[in-house]
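Engineer: Please find one structure pasted underneath; my questions will follow.
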Amino acid sequence: MRAYLLLFLVAASVTYLLTVIAREVALRTGAVARVRDRDVHAEPIPYMGGVAMLGGLGAAYLVARQLPFLSGGSPFVLRDAGVVLVAGAIICMVGVLDDIFELDALTKLGGQVLATAFLIAFNIQYFFIPTGGNTFFSLDPTQGALLTGVMVIATVNAVNFIDGLDGLAAGVVGIGALAFFAFCYGITRLNQVDRASTAALLSIALAGACVGFLIHNWNPARLFMGDSGSMLLGLVLSASAVSLSGQFTPGQLSQGVSGSAASLLPTFLPIALPLTLLLVPIADLVMAVVRRTRAGRSPFAPDKQHLHHRLLEIGHSQRRAVLIMWLWAALIAFGSSFASLYSGPWMWGTLAASLVVTLALTFLLPKLRQVDPA
């Protein structure tokens, strides 16, 4: 655990420091977010936060290579993490070009496909679908590649869609990464296997990079992550989940806290992780596609009807809207992770109480603040 804490701090510190440099580069290259009708910021803000986060992830990886805990175990841990970071660099550079030149949606999709294909070419893909206990459905290379491509690209675009308020995307992904790290570390403890895994390494470093960036991105933001950041976060988070399929057996992924295979959540979490940890932005993505298609517009055409816009409409401030969406992300991400590892009335009671509190803060708080004290 101390090694992972070190990686978290390294990623956070390096990202925090590089953000200052990235901001200057963005200003010099003209990578600046102009104020548009659908935006909520009132003045132009520079992009390229993704470059700083990529640097933080790279620094954490270099430190990991020097730690006996990670370098002395399975060779696939650092090898797979390196492949994911190279793919992250590819998609980040596509995002940088978009931040500067405003690429069209088809070109950006091509960059996403290229980065995902790089992952698959180096065997970062799904190999099986667990069906409970020690049983599983084996995927041939084509099926595994197709499932991997769909999940990675869907997650990349979900994070991109939710990046609409200061600190929103970085906070949601950071929470999801921490929840997934808790799952990865818990599953290794329950099965009494090596604690070192690609998924744990990437998720804790990703959480650190998000925290380091959030210091600059919290309202009022001094820098936006841009597409270079949102696509990078989506790819690294989804790829860390995919890597579980190659480093754990179906039986290990099916073990609950008591060592039984009673719960189906851990069985399917590696496949459903992007949907589970990013349920809020993915729901926003699906609703946006349906809304725009029904109106006869392109699914990629921007508008001002995302979930965060709706929170602003019912009376939340920008900061409170972000915190509300963080709460929903934490409830879903940590709820699904812990429910896959633990059982008992205490856990379900905690989740139910958390749900009630989150609902109250979402819908009742704006009404209470509108009540005239007199």
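In the working numbering, the protein residues as written are -3 to 370.
Backbone N, C-alpha and C define an ideal beta-carbon position, used for all residues, glycine too.
Predicted model only: the values in this text are computed from it and were never measured.
1. Measure the CB-CB distance between L240 and A83 and report whether it falls below 8 Å.
2. For a minimum of 3 consecutive residues, which ranges assigned as the beta strand (DSSP E) are wholly contained in the stretch 63 to 123?
3. Assess, as a yes-or-no matter, whether the stretch 21 to 31 is touched by the stretch 92 to 112 under the definition of 3 or more beta carbon pairs within less than 8 Å.
4. Does the beta-carbon of V146 have 16 or more other beta-carbons within 10 angstroms, so that it is buried, or is it exposed?
5. Would you mind working out which of T354, Y122, R218, S193 sits nearest Y0, comparing C-alpha positions?
6. Kindly give me the distance between the Cβ atoms of F330 and M343, rounded to whole angstroms, as I take these residues to be in contact under 8 Å.
7. I need the straight-line Cα distance from F65 to L202, nearest angstrom please.
8. Quick one, which of A178, F209, L308, A317 has its alpha-carbon nearest L50's?
9. Could you check what DSSP says for I41 in three-state terms: helix, strand or coil?
10. Would M227 be called buried (16 or more neighbouring beta carbons within 10 Å of its own) or exposed?
11. Taking all protein chains shown into account, do 16 or more other C-beta atoms lie within 10 angstroms of the C-beta of G172, making it buried, or fewer, making it exposed?
12. Less than 8 Å between the beta carbons of F157 and D76, yes or no?
13. Consult DSSP for F372 and reduce its assignment to one of helix, strand or coil.
14. Enumerate, from N- to C-terminal direction, the unbroken alpha helix (DSSP H) stretches of 4 or more residues contained entirely within the stretch 286 to 358.
15. Can you give me the Cβ contacts of A326 inside the same chain, cut-off strictly under 7 Å, excluding the 5 residues immediately before and after it?
16. Per DSSP, what are the beta-bridge partners of I125 in this structure?
17. So, using beta-carbon positions, are G45 and M321 closer together than 8 Å?
18. Should P137 be labelled buried (16 or more other beta-carbon atoms within 10 Å of its own) or exposed?
19. What are the residues that DSSP puts in a beta bridge with V28?
20. Please classify A192: does DSSP put it in a helix, a strand, or coil?
21. State the start and end residues of the unbroken alpha helix (DSSP H) segment that holds L164.
Structural biologist: The answer reads as follows:
1. As a position in the sequence shown, residue 240 is number 244, starting the count at 1. As a position in the sequence shown, residue 83 is number 87, starting the count at 1. Contact: no.
2. none
3. yes
4. As a position in the sequence shown, residue 146 is number 150, starting the count at 1. Classification for V146: exposed.
5. The residue given as residue 0 occupies position 4 in the sequence shown. It is S193 whose Cα lies nearest to the Cα of Y0.
6. In the sequence shown, counting from the first residue as 1, residue 330 sits at position 334. In the sequence shown, counting from the first residue as 1, residue 343 sits at position 347. With a Cβ gap of about 11 Å, F330 and M343 do not count as contacting.
7. Looking up residue 65 in the sequence shown gives position 69. Looking up residue 202 in the sequence shown gives position 206. Distance between the alpha carbons of F65 and L202 is about 19 Å.
8. Here residue 50 refers to the residue found at position 54 of the sequence shown. Nearest option by C-alpha distance: F209.
9. Within the sequence shown, residue 41 is the residue found at index 45, counting from 1. It is a strand residue.
10. As a first step, residue 227 is located in the sequence shown; it is residue number 231 there, counting from the start. So M227 ends up on the buried side.
11. Taking the sequence shown and counting its residues from 1, one reaches residue 172 at position 176. G172 comes out buried.
12. Counted from its first residue, the sequence shown places residue 157 at position 161. Counted from its first residue, the sequence shown places residue 76 at position 80. Not a contact, by the Cβ cut-off of 8 Å.
13. Nothing about residue 372 can be read from this structure; the chain reaches only from -3 to 370.
14. 303 to 309, 314 to 335
15. If you number the sequence shown from 1, residue 326 lands on position 330. The answer, listed in chain order, is I171.
16. For the purposes of this step, residue 125 is identified with residue 129 of the sequence shown, where counting begins at 1. DSSP output for I125 lists F133 as bridge partner(s).
17. By one-based count along the sequence shown, residue 45 stands at place 49. By one-based count along the sequence shown, residue 321 stands at place 325. Taking 8 Å as the Cβ cut-off, G45 and M321 do not qualify as a contacting pair.
18. One-based indexing of the sequence shown puts residue 137 at position 141. Classification of P137: exposed, given that the 10 Å Cβ count is below 16.
19. Within the sequence shown, numbered from 1, the residue matching residue 28 stands at position 32. Answer by DSSP bridge pairing, in chain order: P42.
20. Working through the sequence shown from its first residue, we reach residue 192 at position 196. Correct three-state label for A192: coil.
21. In the sequence shown, counting from the first residue as 1, residue 164 sits at position 168. Taken as a continuous stretch (DSSP letters only), the alpha helix (DSSP H) holding L164 covers 164 to 187.
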